[in-house]
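In the order they appear, the protein sequences are chains A and B. The opening residue of the first sequence carries number 1 in the UniProt record's numbering; numbering runs sequentially from there. The opening residue of the second sequence carries number 1 in the UniProt record's numbering; numbering runs sequentially from there. C-beta: ideal position from N, C-alpha, C; glycine also. The structure presented is a predicted model; accordingly, all values stated were derived computationally and were not measured. Have a look at the structure below, then the notes.
Number of protein chains: 2
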Amino acid sequence: MREVFQQELREVQERLVEISRLVVIAITNATTAFNESNVALAEKVIAEDPKIDALASDLDELAISIMALQQPVARDLRIVVSALRMSASLERMGDIAEHIAQLARYRYPEKVAQDRLLGVFEEMGSLDVIVAEKLSRLIETEDLSLADEIRDVDDRIDELHVSVFETVLSETWAGTSVNTVDVTLASRYHERFADHAVSIAKKVKYLATGEWTGAGVR
Amino acid sequence: MREVFQQELREVQERLVEISRLVVIAITNATTAFNESNVALAEKVIAEDPKIDALASDLDELAISIMALQQPVARDLRIVVSALRMSASLERMGDIAEHIAQLARYRYPEKVAQDRLLGVFEEMGSLDVIVAEKLSRLIETEDLSLADEIRDVDDRIDELHVSVFETVLSETWAGTSVNTVDVTLASRYHERFADHAVSIAKKVKYLATGEWTGAGVR
């Protein structure tokens, strides 16, 4: 029984890794589409999001069936419950990548981020990709140093998020209202994407060490 | 054993009702603070959010201990898993109420929504309160007609959300960038708040009927 359970836990982990890899692809394509006004790539992200949703839903069913059949307790139970939560957060990261792609599609052939904000969003986008890649490796390898790295990258994304507002609210900002609305939402999406990664990283760390360092995504 | 389990499920339900009532208070105060620029009320919402977070966290621990000790299967297991998810969504609704209160505090003594948007945000705010109240009653009574009512109110909130963007993006919009950023975020928060309620309502309905009508919050 115990061996079956361990094998099922590996199956859960593999599926989380699989979903996290699709999230890496989604955010890579979404931020590229956003920064380069590539509408075909944006539509690809939008078309592929249901696949992430379906895999997350399948994983939830697997986790629930493991609970029912294996009746895990203590740490084993927490692992399965955490998998449910990680699946929900990964699914949400996929949704946010889709939102970024939708913004790119709405404004095509214009770029959403222009002039001095272009560089800021390029950096935020590449950091979101790095966060997603580190998260995928963290789930796969359980190398906890990656959790700290994710938190550090998230700190930098938060700084950039604040700097977008400072730019938009400065006296010299000459963007249209459309542009102001777009970059406000875009910045929020980029920031939330990384928040979810931090939340998942905390869960992985907690499961490995028993130390809980916070109450997840705010 | 079965009787103990039923009693524990009632405890879970009572705690969900308790949290949902705090969410009603939070969104009532947050939207009032937002529409009236009442900074004291905004600070009250911000100060009280950790209580919602703590109750949600306690409820999660209770649900996990029920799984470990009672080893529920089939529908009973789904009820407990759903309670974990509802708790996460209610906690998030509290966070969003806090975000709305923070916007009110930042702009005090100015109002965030001005002129023609004031009425729109008053309506959105009162609809968010109605959604939260209906949700609380739905969790308490399991009267499923409330789930349909929540969905209908959410549809109206979505319309208002779109109308905020139409206003801000119209040629006659004369708001400053600060104002454009604020109302963009505020409208998004009001809309997301109701989305979470719809997601919880679907779970309650699913548990009662076995019919799943969607994949939750998008």
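Going by Cα to Cα distance, which pick from the options is closest to residue i?
{"i": "Val-81 of chain A", "options": "A:Ile-64, A:Arg-21, A:Ile-96", "result": "A:Ile-64"}
{"i": "Asp-58 of chain A", "options": "A:Glu-18, A:His-99, A:Asn-29, A:Glu-36", "result": "A:Glu-18"}
{"i": "Phe-121 of chain B", "options": "B:Ala-30, B:His-196, B:Arg-2", "result": "B:Ala-30"}
{"i": "Glu-166 of chain A", "options": "A:Arg-116, A:Val-153, A:Lys-205", "result": "A:Arg-116"}
{"i": "Tyr-106 of chain B", "options": "B:Arg-75, B:Ser-37, B:Asp-148, B:Glu-149", "result": "B:Ser-37"}
{"i": "Asp-155 of chain B", "options": "B:Arg-192, B:Trp-173, B:Leu-185, B:Val-168", "result": "B:Arg-192"}
{"i": "Met-86 of chain A", "options": "A:Pro-109, A:Gln-13, A:Gln-7", "result": "A:Gln-13"}
{"i": "Asp-49 of chain B", "options": "B:Asp-76, B:Glu-140, B:Glu-8, B:Glu-91", "result": "B:Glu-91"}
{"i": "Leu-55 of chain B", "options": "B:Gln-6, B:Trp-173, B:Ala-83", "result": "B:Ala-83"}
{"i": "Glu-3 of chain A", "options": "A:Thr-32, A:Ala-194, A:Asp-76", "result": "A:Asp-76"}
{"i": "Arg-151 of chain A", "options": "A:Glu-8, A:Ala-201, A:Ala-97", "result": "A:Ala-201"}
{"i": "Gln-71 of chain A", "options": "A:Glu-140, A:Gly-175, A:Asp-143, A:Glu-8", "result": "A:Glu-8"}
{"i": "Asp-143 of chain A", "options": "A:Glu-98, A:Ile-96, A:Thr-209, A:Ser-126", "result": "A:Thr-209"}
{"i": "Ile-25 of chain B", "options": "B:Gly-125, B:Glu-110, B:Phe-5", "result": "B:Gly-125"}
{"i": "Glu-110 of chain B", "options": "B:Lys-51, B:Ala-33, B:Phe-5", "result": "B:Ala-33"}
{"i": "Leu-127 of chain B", "options": "B:Gln-6, B:Leu-160, B:Gly-175, B:Lys-51", "result": "B:Leu-160"}
{"i": "residue 220 of chain B", "options": "B:Asp-53, B:Ala-147, B:Leu-118", "result": "Given a span of 1 to 218 for chain B in the structure shown, any question on residue 220 of chain B remains unanswerable."}
{"i": "Leu-118 of chain B", "options": "B:Lys-44, B:Gly-175, B:Glu-140, B:Glu-43", "result": "B:Gly-175"}
{"i": "Ala-42 of chain B", "options": "B:Lys-51, B:Glu-98, B:Ser-145, B:Thr-141", "result": "B:Glu-98"}
Is there at least one Cβ from chain A nearer than 8 Å to residue i's Cβ?
{"i": "Ile-64 of chain B", "result": "yes"}
{"i": "Val-81 of chain B", "result": "yes"}
{"i": "Gly-214 of chain B", "result": "Residue placement at Gly-214 of chain B cannot be trusted, given a pLDDT of 48 that sits under 50; what the coordinates show is reported in the next sentence. With 8 Å as the cut-off, Gly-214 of chain B does not count as an interface residue toward chain A."}
{"i": "Arg-78 of chain B", "result": "yes"}
{"i": "Phe-165 of chain B", "result": "yes"}
{"i": "Gln-71 of chain B", "result": "yes"}
{"i": "Val-112 of chain B", "result": "no"}
{"i": "Leu-103 of chain B", "result": "no"}
{"i": "Val-162 of chain B", "result": "no"}
{"i": "Phe-5 of chain B", "result": "no"}
Is there at least one Cβ from chain B nearer than 8 Å to residue i's Cβ?
{"i": "Met-67 of chain A", "result": "yes"}
{"i": "Ala-194 of chain A", "result": "no"}
{"i": "Tyr-206 of chain A", "result": "no"}
{"i": "Arg-218 of chain A", "result": "Because the pLDDT of Arg-218 of chain A is 36, which lies under 50, any placement of that residue in the model is unreliable, and the number read from its coordinates should be weighed accordingly. Answer yes: the Cβ-Cβ gap between Arg-218 of chain A and chain B drops below 8 Å somewhere."}
{"i": "Ala-74 of chain A", "result": "yes"}
{"i": "Leu-22 of chain A", "result": "no"}
{"i": "residue 255 of chain A", "result": "Outside the modelled stretch of chain A, which goes from 1 to 218, sits residue 255 of chain A, for which no answer is possible."}
{"i": "residue 250 of chain A", "result": "Past the boundaries of the shown model lies residue 250 of chain A; chain A is included only from 1 to 218, so the question cannot be answered."}
{"i": "Glu-14 of chain A", "result": "no"}
Hey, residue i and residue j: beta-carbon distance below 8 Å or not?
{"i": "Val-23 of chain B", "j": "Met-67 of chain B", "result": "no"}
{"i": "Asn-35 of chain B", "j": "Gln-114 of chain B", "result": "no"}
{"i": "Val-129 of chain B", "j": "Ile-46 of chain B", "result": "no"}
{"i": "Leu-138 of chain A", "j": "Val-204 of chain A", "result": "yes"}
{"i": "Val-164 of chain A", "j": "Val-183 of chain A", "result": "yes"}
{"i": "Arg-78 of chain A", "j": "Leu-207 of chain A", "result": "yes"}
{"i": "Val-181 of chain A", "j": "Leu-169 of chain B", "result": "yes"}
{"i": "Ala-186 of chain B", "j": "Val-131 of chain B", "result": "no"}
{"i": "Ser-136 of chain A", "j": "Trp-173 of chain B", "result": "no"}
{"i": "Val-39 of chain B", "j": "Tyr-108 of chain B", "result": "yes"}
What distance in whole Å lies between the Cβ atoms of residue j and residue i, which are believed to be in contact at a cut-off of 8 Å?
{"i": "Ile-157 of chain B", "j": "His-196 of chain B", "result": "Not a contact, Cβ separation roughly 12 Å."}
{"i": "Glu-11 of chain B", "j": "Leu-62 of chain B", "result": "7 Å"}
{"i": "Ser-199 of chain A", "j": "Ser-89 of chain A", "result": "6 Å"}
{"i": "Glu-149 of chain B", "j": "Lys-134 of chain B", "result": "6 Å"}
{"i": "Val-112 of chain B", "j": "Ala-104 of chain B", "result": "6 Å"}
Subject >> the segment 173 to 193 of chain B: positions lying closer than 8 Å to chain A by Cβ >> reply: Cβ contacts with chain A come from Trp-173, Gly-175, Ser-177, Val-178, Thr-180, Val-181, Thr-184, Leu-185, Arg-188.
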